[in-house]
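Chemist: Using the working numbering, read the sequence shown as starting at 254 and increasing by one per residue. Below is the structure I would like to discuss, written out as structure tokens.
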Amino acid sequence: MATYMLQFTLQSGATFGRGDGVAGLLDEEVERDADGMPFLRGRTLKGLLAEECASLLYALTLQGKADQWRDRAYRVFGYPGSTSKDTGMLRVGDARLPKPLRDAIRVMIDTADLSADEVFESLTAIRRQTSINEHGAPEKGSLRSLRIILPGTIFESRLEFAEAPDQQTLALVTACVLAWRRAGTGRNRGRGRLQAHLLDSDGTDIIERFFRVFAGEVAQ
254 MATYMLQFTL QSGATFGRGD GVAGLLDEEV ERDADGMPFL RGRTLKGLLA EECASLLYAL
314 TLQGKADQWR DRAYRVFGYP GSTSKDTGML RVGDARLPKP LRDAIRVMID TADLSADEVF
374 ESLTAIRRQT SINEHGAPEK GSLRSLRIIL PGTIFESRLE FAEAPDQQTL ALVTACVLAW
434 RRAGTGRNRG RGRLQAHLLD SDGTDIIERF FRVFAGEVAQ
């Protein structure tokens, strides 16, 4: 098994939704853990990376260069549409706040210096939005409220490969990480902008190194 760390920083407010809201207050609520810290589920994160991989494969297909990458992508993320338990060699952990920050927050909660609700409120904010009609006026009944995780918040997720990935596999995963720019509810409408990095077990950012490998392979 080989382990890497995917780290990303929110550049705009993001809603990692839990699938419902709060009656009378919010239409969309952020998912949080028992200590009030927001997080993004690993299954969702893996799906986002797989989406970027599919887009890359489509672009490479148009150039006639997808064959050498397609089987590798399936080994990493699993076969699309498969109902089997074969979900690929990559396991993606939940994206959470950096461990030193999580540990510090838990100490303060244990000593009653902070409550989980206070932690949650400090990392998030409520935003309201409405649709505008063709006359420039708000659409009746379109007012919605949602909670966002504040820009600048850093998350990290463990990426575990069932077997040590070769150079081309890391090159492909790196390209997917670089292509991944948004997450959360409303990402297709401009919300949840982010910047991501891939770190090895020593904490070294390997994005540039392995993307050069990917670019070189594609250029051949």
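Even glycine gets a Cβ: it sits at the ideal position worked out from N, Cα and C.
1) Which residue or residues does DSSP assign as beta-bridge partners of arginine 380?
2) Can you grab the Cα-Cα spacing for the pair tyrosine 311 / threonine 406, in whole Å?
3) So, is glycine 289 buried or exposed, given that buried needs 16 or more other C-beta atoms within 10 angstroms?
4) Could you round the C-beta distance between threonine 422 and phenylalanine 464 to whole angstroms and report it? I think they count as a contact, below 8 angstroms.
5) If distances are taken between C-alpha atoms only, which option among Ala303, Val283, Gly317 and Lys352 comes closest to cysteine 429?
6) Could you check where the alpha helix (DSSP H) with alanine 449 kicks off and where it finishes?
7) Cβ of isoleucine 250 within 8 angstroms of Cβ of arginine 397?
8) What ranges does the alpha helix (DSSP H) occupy inside the segment 262 to 342, keeping only unbroken runs of at least 4 residues that lie completely in it?
9) From Thr268, Ala255, Tyr257 and Met254, pick the residue whose C-alpha is nearest to that of leucine 447; which is it?
10) Which residues share a DSSP beta bridge with methionine 258?
11) Just curious, the alpha helix (DSSP H) that isoleucine 460 is in, first and last residue?
12) On a Cα-Cα basis, can you pick out the residue from Lys352, Val283 and Gln321 that is closest to glutamate 409?
13) Could you check whether isoleucine 362 and proline 291 sit closer than 8 angstroms to each other, using their CB atoms as the reference points?
14) On a CA-only basis, which of Ala287, Phe414, Arg440 and Ala417 is nearest phenylalanine 373? Give me that one, please.
Modeler: With the structure as the only source:
1) Mapped onto the sequence shown, residue 380 falls at position 127. When beta bridges are read from the DSSP output, arginine 380 appears opposite Leu399.
2) The residue labelled residue 311 in the question sits at position 58 within the sequence shown. The residue labelled residue 406 in the question sits at position 153 within the sequence shown. Inter-residue distance for tyrosine 311 and threonine 406 is about 32 angstroms (C-alpha atoms, whole angstroms).
3) The sequence position of residue 289 within the sequence shown is 36, counting from 1. Its Cβ being crowded by 16 or more others within 10 Å, glycine 289 is buried.
4) Locating residue 422 in the sequence shown gives position 169, where the first residue counts as 1. Locating residue 464 in the sequence shown gives position 211, where the first residue counts as 1. Going by Cβ atoms, the distance from threonine 422 to phenylalanine 464 rounds to 13 angstroms, so no, they are not a contact pair.
5) Translated into positions along the sequence shown, residue 429 becomes position 176. Nearest of Ala303, Val283, Gly317 and Lys352 to cysteine 429, Cα basis: Ala303.
6) On the sequence shown, position 196 is the one that residue 449 refers to. Element bounds for alanine 449: not the alpha helix (DSSP H) but the beta strand (DSSP E), 447 to 452.
7) No statement about residue 250 is possible, as the shown extent of the chain runs from 254 to 473 and does not include it.
8) Taken in chain order, the unbroken stretches of alpha helix (DSSP H) that lie wholly in the segment 262 to 342 and span 4 residues or more are 295 to 315 and 320 to 330.
9) Position 194 of the sequence shown holds residue 447. Per the Cα distances, Thr268.
10) In the sequence shown, counting from the first residue as 1, residue 258 sits at position 5. Note: methionine 258 sits in a beta bridge opposite Arg411 and Leu452.
11) Counting from 1 along the sequence shown, the entry for residue 460 is found at position 207. Here the alpha helix (DSSP H) through isoleucine 460 covers 460 to 472.
12) Sequence index remark: in the sequence shown, residue 409 carries index 156 (1-based). The option with the nearest alpha carbon to glutamate 409 is Lys352.
13) Taking the sequence shown and counting its residues from 1, the one referred to as residue 291 is at position 38. Taking the sequence shown and counting its residues from 1, the one referred to as residue 362 is at position 109. Going by C-beta atoms, proline 291 is not nearer than 8 angstroms to isoleucine 362.
14) In the sequence shown, residue 373 corresponds to position 120, counting from 1. It is Ala287 whose Cα lies nearest to the Cα of phenylalanine 373.
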